[in-house]
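Enquirer: So the sequence shown is numbered by this note's numbering: it starts at 3 and just counts up by one. Dropping the structure in here first, questions after.
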Amino acid sequence: MKKISIIGVTGSIGLQTIDVIEKNKSQFEVVSIAAGKNVDALRGILSRIDVRRVCMKDETHIAALKLEYPNIEFTYGMDGLLEVAHDDSDMLVTAILGSVGIRPTLAAIKQKKDIALANKETLVAAGAIVMDAAKEAGVQILPVDSEHSAIFQCLKGEDKKAIKRLMITASGGSFRDLERHELDKVTLKDALNHPNWSMGKKITIDSATMLNKGLEVIEAKWLFDLEVDQISTILHRESIVHSMVEFVDNSIIAQIGNSDMRHPIQFALTYPDRLPMNNPLDWAQLTQLNFKEMDLNRFKMLQYAYDAIKIGGTMPAVLNAANELAVSEFLKEKISFLEIEQIVESAMNHHQVIQNPDIDTILHVDAFYKNNRF
Numbered sequence: 003m004k005k006i007s008i009i010g011v012t013g014s015i016g017l018q019t020i021d022v023i024e025k026n027k028s029q030f031e032v033v034s035i036a037a038g039k040n041v042d043a044l045r046g047i048l049s050r051i052d053v054r055r056v057c058m059k060d061e062t063h064i065a066a067l068k069l070e071y072p073n074i075e076f077t078y079g080m081d082g083l084l085e086v087a088h089d090d091s092d093m094l095v096t097a098i099l100g101s102v103g104i105r106p107t108l109a110a111i112k113q114k115k116d117i118a119l120a121n122k123e124t125l126v127a128a129g130a131i132v133m134d135a136a137k138e139a140g141v142q143i144l145p146v147d148s149e150h151s152a153i154f155q156c157l158k159g160e161d162k163k164a165i166k167r168l169m170i171t172a173s174g175g176s177f178r179d180l181e182r183h184e185l186d187k188v189t190l191k192d193a194l195n196h197p198n199w200s201m202g203k204k205i206t207i208d209s210a211t212m213l214n215k216g217l218e219v220i221e222a223k224w225l226f227d228l229e230v231d232q233i234s235t236i237l238h239r240e241s242i243v244h245s246m247v248e249f250v251d252n253s254i255i256a257q258i259g260n261s262d263m264r265h266p267i268q269f270a271l272t273y274p275d276r277l278p279m280n281n282p283l284d285w286a287q288l289t290q291l292n293f294k295e296m297d298l299n300r301f302k303m304l305q306y307a308y309d310a311i312k313i314g315g316t317m318p319a320v321l322n323a324a325n326e327l328a329v330s331e332f333l334k335e336k337i338s339f340l341e342i343e344q345i346v347e348s349a350m351n352h353h354q355v356i357q358n359p360d361i362d363t364i365l366h367v368d369a370f371y372k373n374n375r376f
């Protein structure tokens, strides 16, 4: 039985991870979980699975929860997240949102835990440090993002020298059918209406701006140890082909399946084994699959991501932090949709890049650009 801990358990990926675990109870034991502030969602989880420890975002509800669940240890904040990372589980699922996932991920790696990585910001901001730590500790970083899970599966048994390029597919997000000039008037409600996937609010907005795909490009560079020029993106509105790998002989391997995040979650949790799942792809319902070249002038945030990783150093952390600030403002309806990219561009123009940063420098830069707009 594999021991699992989860940070970000009340978010979209966290809840779907609980679905997978609940359907395979003989395979998994959940040791610790970390939630945000959604106590109702937490109660729902605790009615479905047994855990030893719960970490909350802050101490607001701790006293009441201790009375309600006397057999569970409750902690909070970053110290609590690090306690989860240091428990006796075999794997940490990093479903938490944002760069707050960096420190617990590194702590878990040092404890020689495998990582089921759904927190892409960790590799975006600190990819070199995290991958070096994983290599030194001899642990696996197993991607939970559907695109990176697809690439991981396509590369199984392949020689790195045979890789020509990765092709990361993108649905196009909520505004894929709009021209750029039409984005002036879009609303928050419009942006949150993703055509294919059920996701959290922040990642849904990132999908609409296409920054999510940009973060995935950066994440793929570190996960698969490739040059940025070997990583391309392609519009694929059906989200059936989750990504592809093209090899030097021009053959292409693709991973195909329904738009259901529980598939890549289960793959990461059970790797190297595979367990049965419901909801198979119905080929009879597929009338066509569409692919289209990505227009980087239309999707400027994707271009910013390519720029950031090519510049390197602290620039990807700035890209990510400024985007977190901008999306937070957009979700509060304080700025327009197109102002998101303006905030990110201004932050990148302002920043003086530090090459080969240590983790403290990365976290300092991250905090600065999450709290300052230029």
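For glycine and all other residues, C-beta sits at the position ideal for the given N, C-alpha and C.
1) Locate the alpha helix (DSSP H) running through E85, then write down its first and last residues.
2) Exposed or buried, which one is Q357 when buried takes at least 16 other CB atoms within 10 Å?
3) Give, in chain order, every unbroken run of the beta strand (DSSP E) that is at least 3 residues long and sits entirely within the segment 100-175.
4) For the pair the segment 11-24 and the segment 43-54, tell me if three or more CB-CB distances fall below 8 angstroms.
5) Taking just the CA atoms, how far does S49 sit from A378?
6) Please classify Q257 as buried or exposed, where buried requires at least 16 neighbouring CB atoms within 10 angstroms.
7) With H352 as the anchor, note down where its alpha helix (DSSP H) starts and where it stops.
8) So, for L304: in the same chain, excluding its five sequence neighbours on each side, which residues have a beta-carbon less than 8 angstroms away from its beta-carbon?
9) Tell me, to the nearest whole angstrom, how far the beta carbon of F30 is from that of I23; I am working on the premise that it is less than 8 angstroms.
10) For my contact list, V377 and L190 are in at a C-beta cut-off of 8 angstroms; report their separation, rounded to the angstrom.
11) Starting from the C-beta of K68, find all residues in its chain whose C-beta is less than 6 angstroms away, skip the five residues before and the five after it, and write them out in chain order.
12) Looking at A307: is its Cβ nearer than 9 angstroms to the Cβ of Y371?
13) Taking 7 angstroms as the limit between beta carbons, can you name the residues of its chain near E347, skipping five residues before and five after?
14) Excluding the 5 residues flanking L283 on each side, which residues of the same chain have their C-beta closer than 6 angstroms to its C-beta?
15) Are there 16 or more other CB atoms within 10 angstroms of the CB of A118, so buried, or fewer, so exposed?
16) Taking 7 angstroms as the limit between beta carbons, can you name the residues of its chain near Q268, skipping five residues before and five after?
17) Do you know whose CA, among C57, V146, A130, lies nearest A87's CA?
18) Using DSSP with H/G/I as helix, E/B as strand and the rest coil, what is I311?
19) Measure the Cβ-Cβ separation of I342 and A328 and say whether it is below 9 angstroms.
20) Tell me the residue span of the alpha helix (DSSP H) that contains T19.
21) Since I believe L185 is in contact with F177 (beta carbons under 8 angstroms), could you give me their beta-carbon distance rounded to a whole number of angstroms?
22) State buried or exposed for A65, treating a residue as buried only when at least 16 other CB atoms are found within 10 Å of its CB.
23) Pick from K39, D92, K25: whose alpha carbon is nearest that of V33?
24) With distances taken from CA atoms, which of V126, E326, L84, E123 is nearest K112?
25) What residue range does the beta strand (DSSP E) around E248 cover?
26) N73 to L94, Cα distance in whole Å?
27) For A222 versus I153, is the C-beta distance shorter than 9 angstroms?
28) On the CB-based measure, 16 or more other CB atoms within 10 Å of its CB, does K115 come out buried or exposed?
29) Based on DSSP bridge pairs, tell me the residues matched to I233.
30) Between G202 and P266, what straight-line distance do the alpha-carbon atoms span, to the nearest angstrom?
31) Do you know how far the Cα of E123 is from the Cα of N319?
32) Measuring only the C-alpha atoms, how far is D134 from R105?
33) So L271 and K204 are in contact, right, with Cβ under 8 angstroms, and what is the actual spacing, rounded?
34) According to DSSP, is F301 helix, strand or coil?
35) Between D89 and K294, what straight-line distance do the alpha-carbon atoms span, to the nearest angstrom?
36) Give the straight-line distance between the Cα atoms of R182 and L291, rounded to the nearest whole angstrom.
Expert: According to the structure shown:
1) Going by DSSP, E85 is part of the alpha helix (DSSP H) stretching over 79-87.
2) Only exposed fits Q357, as fewer than 16 other CB atoms lie within 10 angstroms of its CB.
3) The segment 100-175 is shown to contain whole beta strand (DSSP E) runs of 3 or more residues at 116-119, 143-145, 165-172, in chain order.
4) Between the segment 11-24 and the segment 43-54 there are three or more inter-stretch CB-CB distances shorter than 8 angstroms, so the stretches are counted as touching.
5) Absent from the structure is residue 378, since the part of the chain shown begins at 3 and ends at 376.
6) Result: buried.
7) Per DSSP, the unbroken alpha helix (DSSP H) holding H352 starts and ends at 339-352.
8) Excluding sequence neighbours, L304 sits near M212, L213, K215, G216, V219, T235, M296, L298.
9) Between F30 and I23 the beta-carbon gap is near 5 angstroms, inside 8 angstroms, which marks them as a contact.
10) No answer is possible for residue 377: it lies beyond the span of the chain, which begins at 3 and ends at 376.
11) Only F76 meet the Cβ criterion.
12) The answer is no: Cβ separation not under 9 angstroms.
13) Closer than 7 angstroms at Cβ, skipping near neighbours: Y306.
14) So the qualifying residues of the chain are G259, N260.
15) By the neighbour-count rule (16 or more Cβ atoms within 10 Å), A118 is buried.
16) Here the set comprises V22, L277, M279.
17) Nearest of C57, V146, A130 to A87, Cα basis: C57.
18) In this structure, I311 counts as helix in the three-state DSSP scheme.
19) In this structure, the beta-carbon distance from I342 to A328 falls below 9 angstroms.
20) That run of the alpha helix (DSSP H) goes 14-25.
21) About 6 angstroms; that satisfies the 8 angstroms criterion.
22) Residue burial is scored here from C-beta neighbours: A65 has fewer than 16 other C-beta atoms within 10 angstroms and is therefore classed as exposed.
23) Considering only K39, D92, K25, the residue with the shortest C-alpha distance to V33 is D92.
24) It is L84.
25) Note, E248: beta strand (DSSP E), 243-249.
26) Between N73 and L94, the C-alpha separation is close to 22 angstroms.
27) In this structure, I153 lies closer than 9 angstroms to A222 by Cβ.
28) A residue is called buried when at least 16 other Cβ atoms come within 10 angstroms of its Cβ; K115 meets this threshold and is buried.
29) Bridge partners of I233: L168.
30) The straight-line gap from Cα to Cα measures roughly 17 angstroms.
31) Here the sequence assigns Ala to residue 319, which means Asn is not the residue at that position. The straight-line gap from Cα to Cα measures roughly 8 angstroms.
32) C-alpha separation (whole angstroms): 14 angstroms.
33) Actually they are not in contact, since the Cβ atoms of L271 and K204 sit about 23 angstroms apart, beyond 8 angstroms.
34) F301: coil per DSSP, three-state reduction.
35) Their Cα atoms are separated by approximately 46 angstroms.
36) Those two C-alpha atoms are separated by around 24 angstroms.
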